[in-house]
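Colleague: In this note's numbering, the protein residues as written are 474 to 839.
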């Protein structure tokens, strides 16, 4: 098989390359001695296969071990592909939320964030969310990538972004310690800050998590404010069941377009809600293939479950800037056929497992 052209890694944002051709090019890049990152070149010496020879497409990403546990202590500069040279435009070092133990770290480069926010902004166009309106994000910032992702999307969509910062690790610590009153007080503190912004600014897009959205919905004055001002609500970071989604969409915020995202730091972004779903259809999330792909597997055998059946989600991130393959996630979901031309699986009815990596999974507010 001829060596794949690396040019496909820089495909224009609105184009989707052939998935298998793209993966072959990514293997050349990430495992080329002059282009690969120090981390992956070291890891390659421990593998019982040659990624440049043996990984011929998306399905072969399952050959890789799950290396995300190593991201808790690997030197982050070792994650940057050498092929960028002095041109590596680093957006930031970001950490996971710590849902399953000590946080893991990744490096996000500008070319990936631009591709990600372009896709999100295009989806908002598809939902009819006007450009040039301002945003309020009640979400983690600091070491968490979601803050940068939302800020970039707001800017690309022509809006200013107001922020109410949230510390998901602190909430999870309070919950694990059984401190319900302190947890409630912290969430009330977030709602109070958000209410002030909503009262004083013309907010057209609200981004937050399902638990925070439910707390906002306890206040009639905030329901009225959101109904008057907000054109779209982007939610993510925690799971939302079908009944809650239907209630929020049809009764609480009927004038707002609800737009869900599903993902995490280990895929440097997320999958997005499929546009055009009917009112009675479940919320389906489509990853942006071939850059991000999912598979839904039987956790005992590792084999794909049939479409319509529930299994555990395996995620892959393959971009020019990062390689994070075969990551068995903490989530269960129903396997759904992907859109035409896409690779891997789409998912619906996502929910967390009870235990993961010998840790109790606590979602909290994010």
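All C-beta atoms in this analysis are idealised placements derived from N, C-alpha and C, irrespective of residue type, glycine included.
#1: Excluding the 5 residues flanking residue 487 on each side, which residues of the same chain have their C-beta closer than 7 Å to its C-beta?
#2: With DSSP run on the structure shown, which of helix, strand or coil describes residue 628?
#3: Answer yes or no: does any C-beta atom of chain C fall closer than 7 Å to that of residue 684?
#4: Count the other C-beta atoms from every protein chain shown that fall within 10 angstroms of the C-beta of residue 762, then say buried if there are 16 or more, exposed otherwise.
#5: Can you give me the Cβ contacts of residue 770 inside the same chain, cut-off strictly under 7 Å, excluding the 5 residues immediately before and after it?
#6: Can you tell me the Cα-Cα spacing of residue 494 and residue 484, whole angstroms?
#7: What residues in its chain sit with their C-beta under 7 Å from that of residue 479, if we drop five residues either side in the sequence?
#8: Which of the three DSSP states, helix, strand or coil, is assigned to residue 824?
#9: May I ask you to report which of helix, strand or coil DSSP gives residue 754?
#10: By how many angstroms is the C-alpha of residue 566 removed from the C-alpha of residue 543?
#11: Look up residue 607 in the DSSP assignment and say whether it is helix, strand or coil.
#12: In whole angstroms, what separates the C-alpha of residue 798 from that of residue 692?
#13: When you compare the region 654–668 with the region 628–646, are there three or more beta-carbon pairs, one atom per stretch, that lie closer than 8 Å?
#14: So residue 534 packs on residue 789, CB below 8 Å; how close in whole Å?
#15: I'd like the span of the beta strand (DSSP E) that includes residue 678, first residue to last.
#16: According to DSSP, simplified to helix, strand and coil, what is residue 484?
#17: Does the distance from the CB of residue 805 to the CB of residue 826 come in under 7 Å?
#18: Within the continuous alpha helix (DSSP H) that includes residue 701, where are the two ends?
#19: Taking the alpha-carbon positions, what's the residue 708 to residue 616 distance?
#20: Based on the DSSP output, what are the partners of residue 745 in its beta bridges?
#21: Beta carbon of residue 754, beta carbon of residue 733: below 7 Å?
#22: With distances taken Cα to Cα, identify the nearest neighbour of residue 621 among 568, 601, 643.
#23: Residue 607 and residue 676 - do their beta-carbons sit closer together than 7 Å?
#24: Return the residue from the list 791, 741, 590, 713 that minimises the CA-CA distance to residue 757.
#25: Beta-carbon within less than 7 Å of residue 700's beta-carbon, same chain only, minus the 5 sequence neighbours each way: which residues are those?
#26: What do you reckon, are the CB atoms on residue 818 and residue 767 nearer than 7 Å?
#27: Taking residue 633 and residue 705 to be in contact with their CB atoms under 8 Å, please state how far apart those CB atoms are, rounded to whole angstroms.
#28: Assuming residue 579 and residue 795 make a contact with CB atoms under 8 Å, what is their CB distance in whole Å?
#29: What would DSSP say about residue 546, mapped onto helix, strand or coil?
#30: In chain order, what residues of the same chain have a beta carbon less than 6 Å from the beta carbon of residue 522, not counting five sequence neighbours either side?
#31: Going by CA-CA distance only, name the one from 577, 800, 595, 780 that's closest to residue 629.
Modeller: The short version:
#1: Residue mapping note: residue 487 aligns to position 14 of the chain shown, counting from 1. The same chain holds no residue with a CB closer than 7 Å to that of residue 487 once the five nearest residues on each side in sequence are set aside.
#2: Counted from its first residue, the chain shown places residue 628 at position 155. When DSSP states are grouped into helix, strand and coil, residue 628 belongs to the helix group.
#3: The displayed structure is made up of one protein chain only, and chain C is not part of it.
#4: For the purposes of this step, residue 762 is taken as residue 289 along the chain shown, with counting starting at 1. By the neighbour-count rule (16 or more Cβ atoms within 10 Å), residue 762 is buried.
#5: Walking along the chain shown from the start, residue 770 turns up at place 297. Setting aside the 5 residues that flank it on each side, residue 770 is surrounded in the same chain by 776, 777, 778, 784, 785, 787, each with a C-beta closer than 7 Å to its C-beta; the list follows chain order.
#6: Translated into positions along the chain shown, residue 494 becomes position 21. Translated into positions along the chain shown, residue 484 becomes position 11. Taken atom to atom, the span from the alpha-carbon of residue 494 to that of residue 484 is near 12 Å.
#7: Against the chain shown, residue 479 aligns to sequence position 6. Counting only Cβ-Cβ distances below 7 Å, and skipping sequence neighbours, we find 498, 501, 502.
#8: Walking along the chain shown from the start, residue 824 turns up at place 351. Strand at residue 824.
#9: Position 281 of the chain shown, counting from 1, holds the residue named residue 754. In the structure shown, residue 754 sits in coil (DSSP, three-state: anything other than H, G, I, E or B).
#10: Numbered from 1 along the chain shown, position 70 holds the residue referred to as residue 543. Numbered from 1 along the chain shown, position 93 holds the residue referred to as residue 566. Straight-line spacing of the CA atoms in residue 543 and residue 566 works out to 15 Å.
#11: As a first step, residue 607 is located in the chain shown; it is residue number 134 there, counting from the start. Residue 607: strand per DSSP, three-state reduction.
#12: Position 325 of the chain shown holds residue 798. Position 219 of the chain shown holds residue 692. When only Cα atoms are considered, residue 798 and residue 692 end up about 43 Å apart.
#13: They touch, by the three-pair rule.
#14: Translated into the one-based positions of the chain shown, residue 534 becomes position 61. Translated into the one-based positions of the chain shown, residue 789 becomes position 316. Yes, residue 534 and residue 789 are in contact; Cβ-Cβ is about 5 Å, under 8 Å.
#15: Working through the chain shown from its first residue, we reach residue 678 at position 205. Element bounds for residue 678: 676–681.
#16: By 1-based counting over the chain shown, the position of residue 484 is 11. Coil, per DSSP.
#17: As a first step, residue 805 is located in the chain shown; it is residue number 332 there, counting from the start. As a first step, residue 826 is located in the chain shown; it is residue number 353 there, counting from the start. Yes. Within cutoff.
#18: By one-based count along the chain shown, residue 701 stands at place 228. Per DSSP, the unbroken alpha helix (DSSP H) holding residue 701 starts and ends at 693–702.
#19: As a working note, residue 708 is residue 235 in the chain shown. As a working note, residue 616 is residue 143 in the chain shown. About 19 Å.
#20: Numbered from 1 along the chain shown, position 272 holds the residue referred to as residue 745. As computed with DSSP, residue 745 is found in a beta bridge with 734, 759.
#21: The sequence position of residue 754 within the chain shown is 281, counting from 1. The sequence position of residue 733 within the chain shown is 260, counting from 1. With a cutoff of 7 Å on beta-carbon distance, residue 754 and residue 733 are scored as not near each other.
#22: Residue numbering aside, residue 621 sits at position 148 when the chain shown is read from its first letter. Ranking the options by Cα distance to residue 621, first place goes to 568.
#23: One-based indexing of the chain shown puts residue 676 at position 203. One-based indexing of the chain shown puts residue 607 at position 134. For residue 676 and residue 607, yes; Cβs fall inside 7 Å.
#24: Against the chain shown, residue 757 aligns to sequence position 284. When only C-alpha atoms are compared, the closest one is 713.
#25: Here the question's residue 700 lines up with position 227 in the chain shown. Correct list, in chain order: 726, 728.
#26: Start at 1 with the first residue of the chain shown, and residue 818 comes out as number 345. Start at 1 with the first residue of the chain shown, and residue 767 comes out as number 294. A contact, by the Cβ cut-off of 7 Å.
#27: By 1-based counting over the chain shown, the position of residue 633 is 160. By 1-based counting over the chain shown, the position of residue 705 is 232. Not confirmed; about 15 Å, so no contact.
#28: On the chain shown, residue 579 is found 106 positions in, with the first residue counted as 1. On the chain shown, residue 795 is found 322 positions in, with the first residue counted as 1. Correct: roughly 7 Å between the Cβ atoms.
#29: For the purposes of this step, residue 546 is identified with residue 73 of the chain shown, where counting begins at 1. Looking at residue 546 - three-state DSSP - the assignment turns out to be coil, as it is neither helix nor strand.
#30: As a working mapping, residue 522 is identified with position 49 in the chain shown. The beta carbon of residue 522 sits closer than 6 Å to those of 536, all from its chain and outside the five residues before and after it, given in chain order.
#31: On the chain shown, position 156 is the one that residue 629 refers to. In terms of Cα proximity to residue 629, the closest of 577, 800, 595, 780 is 595.
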